[in-house]
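Number of protein chains: 2
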Amino acid sequence: MSTTPQATPRRATITDVAREAGTGKTSISRYLNGEMSVLSPELRARIEAAIARLDYQPNQMARGLKRGRNRLIGMLLADLTNPYTVEVLQGVEAACHALGLMPLICHAANEVEMERRYLQLLTTYRVEGVIVNALGVREETLRPVGGGGIPAVLVDRLVDGLVADMVGLDNRAAAELGTRHLLDNGFDDIWFVVQPFEQVSSRQLREAAFREAMRAHAGRAGTRGEKAAARGHTLVLNLADAGEVERSLAELDRAIDAAAHAREAAGATGKAARVALFAANAPVALRLALHLKARYGADWQARAALLSIDDPDWAELTGVTTIRQPTYEIGYRAVEFLHERIEGVQTTARDCLLPGELIVRASTLR
Amino acid sequence: MSTTPQATPRRATITDVAREAGTGKTSISRYLNGEMSVLSPELRARIEAAIARLDYQPNQMARGLKRGRNRLIGMLLADLTNPYTVEVLQGVEAACHALGLMPLICHAANEVEMERRYLQLLTTYRVEGVIVNALGVREETLRPVGGGGIPAVLVDRLVDGLVADMVGLDNRAAAELGTRHLLDNGFDDIWFVVQPFEQVSSRQLREAAFREAMRAHAGRAGTRGEKAAARGHTLVLNLADAGEVERSLAELDRAIDAAAHAREAAGATGKAARVALFAANAPVALRLALHLKARYGADWQARAALLSIDDPDWAELTGVTTIRQPTYEIGYRAVEFLHERIEGVQTTARDCLLPGELIVRASTLR
DNA sequence: CTGTTAGCGCGTTCAC
DNA sequence: GTGAACGCGCTAACAG
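Residue numbers (the working numbering), protein chains in the order written: chain A, 24 to 389; chain B, 24 to 389.
Structural data, given as structure tokens:
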């Protein structure tokens with residue numbers, strides 16, 4: 024056995040097979056495309072033998088060139104670091120597998136310029152469609168895609184001015200579900216923490232639904248006069264900017280400390296505010312948890328409850344309540360949508376909103 | 024603005040551009056390939072204009088067909104669920120980007136059959152090389168690759184009988200580093216917990232190095248007669264089989280409980296064994312942590328120390344000591360190796376072993 | 001049932 | 001400098 028990896032020998036082509044089988048290329052092509060009814064059993068056997076002998080495998084590139092479709096689709100990912108993305112990817116892989124598609128995965132790593140370049144690259148490979156988990160930037164970046172270009176399906180978030188199918192979480196319902204859970208469990212000082220959301224529709228929707236739910240609750244409380252209205256705050260945590268993160272966290276710290284003081288003053292049975300943090304997604308939740316742990320030590324959960332949209336594996340470990348997204352299904356459905364478009368479906372742009380599942384853990388039960 | 028995504032209009036070809044620019048295809052091709060010195064400035068300008076007007080983008084497929092190389096490489100992943108994999112992927116993406124390669128990501132999801140099919144699919148797309156984070160099965164699965172087939176680079180683990188470059192963690196050094204750390208911190212009942220390792224070289228090496236380090240320590244202790252030899256155990260945790268997992272964890276529980284009883288009997292100052300768990304990778308560590316937490320509650324770390332190879336994001340949060348792999352670099356180097364092979368480098372198969380970094384956290388400091 | 005022919009979009013001689 | 005012609009591996013008419 025040699026220890027030197029060898030150079031690739033030339034692969035057999037359809038012509039080689041035809042010669043080896045003593046026939047023409049057409050018959051081979053037919054065999055490859057499963058048109059068995061048009062081949063004599065005898066010829067078929069010869070072809071099979073020749074293919075096996077030469078270890079022949081059809082060249083998808085040439086195939087694609089000829090028939091104008093190569094079964095390639097692009098998958099543009101904003102951030103692989105987010106477990107959400109990886110989970111969606113699983114669904115995408117599975118669906119592609121089932122539908123005979125091959126996904127080209129591109130990771131923009133939160134860089135707009137990367138996103139642009141990858142998109143261009145994908146069109147260059149003539150992918151038949153694209154699934155986009157966009158960074159949420161301007162529509163012009165996605166020019167080659169959607170409306171006038173190749174079919175596209177958006178995942179998790181919309182892109183302004185881009186007409187395309189979308190599949191993702193039912194953000195309104197999810198944020199309301201979480202907020203209600205916190206209110207029902209007696210938290211009356213709730214901080215919705217979210218990354219900058221001007222550009223990202225899903226974050227916008229979550230934040231808006233949170234405020235809406237708080238307002239609705241205040242309305243009910245006011246009418247029935249049962250208790251003081253709970254307070255809701257939105258805190259922006261720009262994970263891309265360490266300085267901003269520091270400032271935001273400092274604001275949070277003050278609120279938490281204030282609540283702690285109030286609690287002491289009121290005594291164990293007092294009516295002090297109970298603080299809860301509602302993280303808009305897993306990366307935010309992780310950042311919050313790390314900060315609280317660094318500041319308050321192992322017992323940080325006694326200071327503030329944490330609820331997160333997304334269900335990272337460490338949530339179970341730390342007892343954090345979450346709202347699980349149907350990530351696998353999101354990925355799967357996205358591919359199905361795209362496949363339909365590729366096959367020529369012409370309906371108006373569709374939205375597929377899937378429900379989240381509340382997973383209650385110790386963090387929000389006191 | 025229409026709300027109906029439109030079908031793809033035919034894309035411009037090189038012929039269209041030639042006609043639009045009033046010239047032949049050859050000149051366009053030369054322009055695309057940067058042979059500017061052979062084009063009159065005037066023609067060049069016309070070509071540029073035509074390309075812009077038609078929004079022309081060369082077809083990589085046709086290109087690849089003609090020149091016999093398409094700049095595609097395959098990336099075969101055993102398990103995206105493992106954060107290690109995702110991190111390696113980041114390095115791969117970056118290197119591909121830098122080298123003008125396009126990675127086709129394939130996720131085998133721990134299924135051997137998937138691995139085989141994807142490999143076949145990749146050759147069908149005529150990828151110029153493959154990076155393989157194999158499931159660690161028989162070499163025959165990887166027949167089309169390595170030695171006689173297309174260039175391949177192995178990541179993290181070797182495959183029996185497959186001659187190819189490899190890049191991964193220096194497993195011997197890492198396992199020894201971890202073991203020594205535990206011994207130095209007074210743990211004398213150490214359980215190395217690992218998934219079935221007959222098929223996976225990296226797990227084998229880690230386990231062997233662990234036992235070796237324990238033996239070496241026993242030798243030193245014996246010679247100097249300072250203290251009783253520490254005990255080392257290897258526990259196999261087959262994450263794919265819930266029943267086996269239960270049994271293995273039960274064994275662990277007995278050991279932990281025994282140590283606790285001994286501790287009580289000996290009193291706070293006694294010489295009872297200190298139990299430490301050395302997880303061979305992050306999935307194992309997570310499983311262990313979840314189990315311990317379920318069994319002993321939030322204070323599970325008082326029962327046993329946990330040290331893991333791999334540094335998942337929850338390690339910092341829970342204070343678990345880890346040995347961080349240089350994952351990004353592993354991915355990057357793998358692509359570099361592959362690129363060299365693609366360019367024709369013919370040296371004997373190389374191994375690139377990168378060092379792990381010990382990150383000490385509260386878990387192993389008592 | 002089977003083989004021949006003509007491109008798919010592009011790169012590459014090789015003449016002009 | 002420039003363009004016509006050929007072929008990459010394959011499929012799709014079109015004949016036989």
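Just so you know, even glycine gets a beta-carbon here, dropped at the ideal spot from N, CA and C.
- Pairing Pro335(B) with Ile382(B), the inter-Cα distance amounts to about 12 Å.
- Of the candidates His256(B), Ala187(B), Glu116(B), Gly367(B), the residue whose Cα lies closest to the Cα of Val358(B) is Glu116(B).
- Judged by their CB atoms, Leu376(A) and Asp193(A) are nearer to each other than the 8 Å cut-off.
- In the DSSP assignment, Met84(B) falls within the alpha helix (DSSP H) that extends over 83–90.
- If you check the CB distance, His256(A) and Leu206(A) do not come in under 8 Å.
- Not one beta carbon of chain B lies nearer than 8 Å to the beta carbon of Gly266(A).
- At a cut-off of 8 Å between beta carbons, Thr38(A) makes no contact with chain B.
- Contact annotation: in the stretch 84–99 of chain B, residues whose CB is within less than 8 Å of a CB in chain A are Met84, Ala85, Gly87, Leu88, Asn93.
- Contact of Asn82(B) with chain A by beta-carbon distance below 9 Å involves Leu88, Thr147, Tyr148, Arg149.
- By the criterion of a C-beta distance shorter than 6 Å, Ala232(A) is surrounded in its chain by Arg195, Ala198, Glu199, once the five residues flanking it on both sides are discounted.
- When rounded, the separation of the alpha-carbon atoms in Trp323(A) and Lys316(B) is 17 Å.
- In terms of CA proximity to Gly152(B), Leu95(B) leads the group Leu95(B), Arg373(B), Ile353(B).
- With fewer than 16 other Cβ atoms inside 10 Å of its own Cβ, Met59(A) counts as exposed.
- The way I'd put it, the stretch 68–77 of chain A doesn't touch the stretch 124–139 of chain A; fewer than three beta-carbon pairs between them come closer than 8 Å.
- DSSP places Asp336(A) in the helix class (H, G or I) of the three-state scheme.
- Secondary structure of Arg67(A) (DSSP, three-state): helix.
- DSSP places Asp102(A) outside both helix and strand once states are collapsed to three, so it counts as coil.
- Rounded to the nearest angstrom, the gap between the Cα atoms of Arg277(B) and Arg318(B) is 12 Å.
- Chain order gives no chain A residues near His362(B), where near means a beta carbon separation below 9 Å; the closest approach is about 14 Å.
- Under the criterion of beta carbons closer than 8 Å, Glu380(A) and Ile346(A) qualify as touching, at roughly 7 Å.
- For the stretch 341–352 of chain A, the residues whose beta carbon sits under 9 Å from a beta carbon of chain B are, in order, Thr341, Gly342.
- Short of 8 Å from the beta carbon of Leu309(A), and not among the five residues preceding or following it, lie these beta carbons of its own chain, in chain order: Pro335, Trp337.
- Partner residues in the beta bridge of Ile382(B), as assigned by DSSP, are Thr345(B).
- Contact note: Lys316(B) reaches chain A through Leu340, using a C-beta cutoff of 7 Å and chain order.
- Using a Cβ-Cβ cut-off of 8 Å, His240(B) does not count as an interface residue toward chain A, since no Cβ of chain A sits closer than that to its own.
- Counting C-beta pairs closer than 8 Å gives three or more between the stretch 258–267 of chain B and the stretch 206–222 of chain B, which meets the contact rule.
- Cβ-Cβ distances below 7 Å link Ala372(B) to Val186, Ala187, Asp188 in the same chain, with the five nearest sequence neighbours on each side left out; the list follows chain order.
- Proximity of chain A to Ala312(B) at the Cβ level (cut-off 8 Å) is accounted for by Leu340, in chain order.
- For Phe360(A), the enclosing alpha helix (DSSP H) covers residues 350–365.
- At a cut-off of 8 Å between beta-carbon atoms, Ile51(A) makes no contact with chain B.
- Counting only unbroken stretches of 4 or more residues, the alpha helix (DSSP H) elements lying wholly within the stretch 250–330 of chain A are 265–289, 305–319, in sequence order.
- Inter-segment contact for the stretch 301–308 of chain A and the stretch 300–309 of chain B is absent: fewer than three beta-carbon pairs are separated by less than 8 Å.
- Looking at Ile154(A), Leu181(A), Pro378(A), Thr344(A), the one whose alpha-carbon comes closest to that of Phe360(A) is Ile154(A).
- Proximity of Gln227(B) to chain A, defined by a Cβ-Cβ separation below 8 Å, is not satisfied.
- By the CB criterion at 8 Å, Met84(B) and Leu127(B) fall outside the cutoff.
- Bridge pairing for Ile128(A): Met98(A) [DSSP].
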